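Numbering (this note's numbering), first residue to last: 1469 to 2395.
Beta carbons: idealized from backbone N, C-alpha and C, even for Gly.
Model, not experiment: these values are computed from the prediction.
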RNA sequence: GCGGAUGUGGCGAAAUUGGUAGACGCACUAGACUUAGGAUCUAGCGCCUCAGGGCAUGGGGGUUCGAGUCCCUCCAUCCGCACCA
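Structure representation (structure tokens):
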């Protein structure tokens, strides 16, 4: 073999790894473990583009590096295979989503294999596989059988709750439950029918049924997720979407709000990502307060973070959707309020959000009593109050809250200042520093002291208490769709029961059409005999017709990889104890408040119930930046089939037009290719500059319609997988968003050619020397070993590629072909460019894969300089450079510097006040 | 509005702890070898200046012998949340 030929080498080694099961990982307690995980892809019909593998390449590099370092590495891959596009395709074509999914997966696998990843395919999981979703259903059952004990701060088995109810009723427990849960005694519990007991328990279970609003599209006959709805219309088809209440499964993630927040402190995630989760959880510390209503038994409950401003409350405001609105309206105001509520209901969520400037509201006719000063305050309905947050009612303090202020100004309600020196002539002042005025017994206190005092008062009078509120809502756990996991629940009457564990999995049934039934049931309603007969009974009961949401299968998959073929358990306890959790997780930040939050939630439940030994699933998380498309443009002269090169376009009236990026090389248009691209361009004419047609470009999202999609297969065919891998890393920092730009790829390809030539003589024959390595060679190598190792520790892959280039350049300059040097160098480069290094490694005569080679350690001895050059500065300005031996002390360097002629001249006989010698860097004399 | 990031040559970018800013690569220029190759090798490549030297990390100010890095302030771009009481 002569020249470096990736087309021969790469398939050869991919085949070798496959045959030898090189990447198979199993428990080995003699070695430390390392678990590298990628967010598994949804296999879409479009296949992979060059942006997808970015994170996989990074995790692959770390995996291979860790393996060379002696770790037992688990690096699996699988597919998040339930999802909407396959179902959509099924609705249109009638093809079963399983077939579409299977085809897409095999395409994805082929593409992934071409890149040479060190995946252990034996551990592959597919969420749509019954042997996988059996355990998703099993986990659902564990969650169903749990309740959350706030006193113990953990989930416990529902049987323990039943035992408590039997002993003490529910008076003494502090559990997460529905808001409308009544108090009951032991006797009352025992007096309930079995069904009523079940309905009561459902109010405590960590997954429960409740009425929730969904986006219902009557024309499509289906429920849509929030991101499928745009401005009140379905994204697909543009049909109107309405809010509709449906009985659905939810997961009580709110019970875990505090622990999800606290847990962030213990994990190594990026600050922006943690911040996103914190915002999503939305903790706010305040107080809950109840206001009596004049001439009524009702009380209005509010949540406030500023109870110190209680004396500044001049009105109350309730959300139009809240029950308060109807309850508090007096007969005189009935007509006005009903009209307002009806009008508010027609405005879509989005209208209300985008139109925050318009102030609207109406008086209910009722008055509340401020228990702190006995004052009568009017109760209004206003759509700036949200039904979904807090209690759906607020105490309005116009002096301290801008929305209350605007409302008060608009309806001419009083504004009472309660903080000294706050200027509220133009707007509210929400700041919390100052002393209280007009505030009765709070006068003279600071805001913080006033909060404490006001809460004490409320507690004494029994009208309120300190409270922590969270913004996070329970997660809806049902989709009225076909292509998802069936929920392992059947109904006796309206009471849900779990199927027997032995009957798992509940297989997704075949149906004739992937659409809802005529009477509006989900697609599963079409299945024949989709029923369940409990053990020992003869009657068949209907099964739940909703399927699980997309996030179900992805909320535990990292555990299944550890023990993918286990038929007896979702994971073997010992296997889990060995692999623990994920050491490095790489994926996009778009999952910040979805997958990553749900996964932490489920993991905590599994932890509480004793199924896993780690409370957090992902120790270290990196968000790889998206690779954007780099679109190319040609400029058509208006009204003509003539195109003008970018540099000359200012002289013409032109319209830009996307051109396929594969027709451009370094932004120069391939004219013949362009003419053949589309029939209407066959007789296109060009106005060239310097004989070339130069295209314009812009960074956009990679998409088919913009003709900027780059397929990794094309890059691999032309440049090779090793070049692709190195180049994606070389493109810039992993976390950064960056456009794909093939312009620089030649440099990386050249580097691999140079590496190849280090091992070959001028005739292209393999030739290495067995001579002892020279000092320069050792220095170059050890510098590289050190830098590459440090770079991986801080996930700086782009700088490592530079380091390799420098090393290869240095060795070429030294005409080095030393076996020992090159052998170590190969191991260092192998995580990045596995194929070429395997080939050269085997040419060196090694019989095992380079992935099992020991990573070389560097020796400081070789890194020492003979002489060090110190710039000598006087008052920070550079004067001269001195050469000194590397092992001189600071004082000795200082002496040499002071003795230097140029420096002497500058100092003009003066003695510097201060001399700063920075080791191996610089000498600075301060006069 | 709130929160978070980012800002360095023609371009992608380095600079890990405050210590010679621009490593490495692309593009560009010149040359060598060839006798067409999108090959390889060598050299040059921030700006100004005749030079000594000066100016440069979004703008302005500060701390320091010394600032891309720390502090204050303003500007621009991107992302997330958004009437959250």
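Residue environment analysis places residue 2103 among the buried positions, since at least 16 neighbouring C-beta atoms fall within 10 angstroms of its C-beta. For residue 1680, the uninterrupted beta strand (DSSP E) run begins and ends at 1675-1685, by DSSP.
Here residue 2222 has 2276, 2277, 2280 as same chain residues with Cβ atoms under 8 Å from its own Cβ, once five neighbours each way along the sequence are excluded.
Fully contained in the segment 2258-2323 is no beta strand (DSSP E) run of length 3 or more.
One alpha carbon belongs to residue 1906, the other to residue 1860, and they sit about 28 Å apart. Between the segment 1594-1612 and the segment 2010-2023 there are three or more inter-stretch CB-CB distances shorter than 8 Å, so the stretches are counted as touching. Following the DSSP letters along the chain, one finds residue 1542 inside the beta strand (DSSP E) bounded by residues 1540-1542. Secondary-structure assignment with DSSP links residue 1745 through no beta bridge to anything. The Cβ neighbour count for residue 2345, taken over all protein chains shown within 10 Å, is under 16; the residue is labelled exposed.
Sorting 1881, 2185, 2129, 1735 by C-alpha distance to the C-alpha of residue 2175 places 2129 at the top. Classified as exposed, residue 1807 has fewer than 16 neighbouring CB atoms from the shown chains inside 10 Å of its CB.
Boundaries of the alpha helix (DSSP H) harbouring residue 1601: 1598-1612, taken from the DSSP string. Annotated as distal: residue 1612 and residue 1992, with beta-carbon spacing of 8 Å or more. For the pair residue 2148 and residue 2139, the Cα-to-Cα distance works out to about 14 Å. Inclusion of residue 1555 and residue 1565 in the CB contact set at 8 Å is warranted, their separation being smaller than that value. Residue environment analysis places residue 1932 among the buried positions, since at least 16 neighbouring C-beta atoms fall within 10 angstroms of its C-beta. Assignment of residue 2252 by DSSP, reduced to helix, strand and coil, places it in the helix class. With 16 or more other CB atoms across the displayed protein chains lying within 10 angstroms of its CB, residue 1849 is buried.
Non-local C-beta neighbours of residue 1908 in its own chain, meaning closer than 7 Å and more than five positions away in sequence, comprise 1779, 1840, 1841, ordered along the chain. Here the alpha carbons of residue 2337 and residue 1584 stand approximately 44 Å from one another.
Sequence-distant partners of residue 2334 (beyond 5 residues in either direction) whose C-beta falls short of 8 Å from its own C-beta, in its chain, are 2353, 2354. Contact check for residue 1677 and residue 1964: beta-carbon distance about 6 Å, within the 8 Å limit, so the pair qualifies. Taking 8 Å as the cut-off, the beta carbon of residue 1838 is found no closer than this to the beta carbon of residue 1771. Rounded to the nearest whole angstrom, the CA to CA distance from residue 1512 to residue 2056 is 17 Å. For residue 2101, the enclosing beta strand (DSSP E) covers residues 2095-2105. Cα atoms of residue 2213 and residue 1723: separation of roughly 51 Å, rounded to the nearest angstrom. Pairing residue 2027 with residue 1958 gives a Cβ-Cβ distance that is not under 8 Å.
Its chain contains 2113, 2115, 2116 as the residues whose beta carbon lies nearer than 7 Å to that of residue 2157, once the 5 sequence neighbours on both sides are disregarded; these appear in chain order.
For residue 1782, the three-state secondary structure derived from DSSP is coil. Assignment of alpha helix (DSSP H) within the segment 1535-1589, counting only whole runs of 4 or more residues, yields 1552-1561, 1565-1582 in chain order. The alpha-carbon of residue 1947 is positioned some 25 Å away from that of residue 1813. Membership of residue 1850 in the beta strand (DSSP E) is indicated by the continuous run 1843-1850. Our two residues, residue 1550 and residue 1620, have alpha carbons roughly 36 Å apart in a direct line. Taken through DSSP and simplified to helix, strand or coil, residue 2372 comes out as helix.
Taking the C-beta atoms as reference points, residue 1491 is found no nearer than 8 Å to residue 2051. Out of 1658, 1654, 1669, the CA that lies nearest to the CA of residue 1648 is found in 1669.
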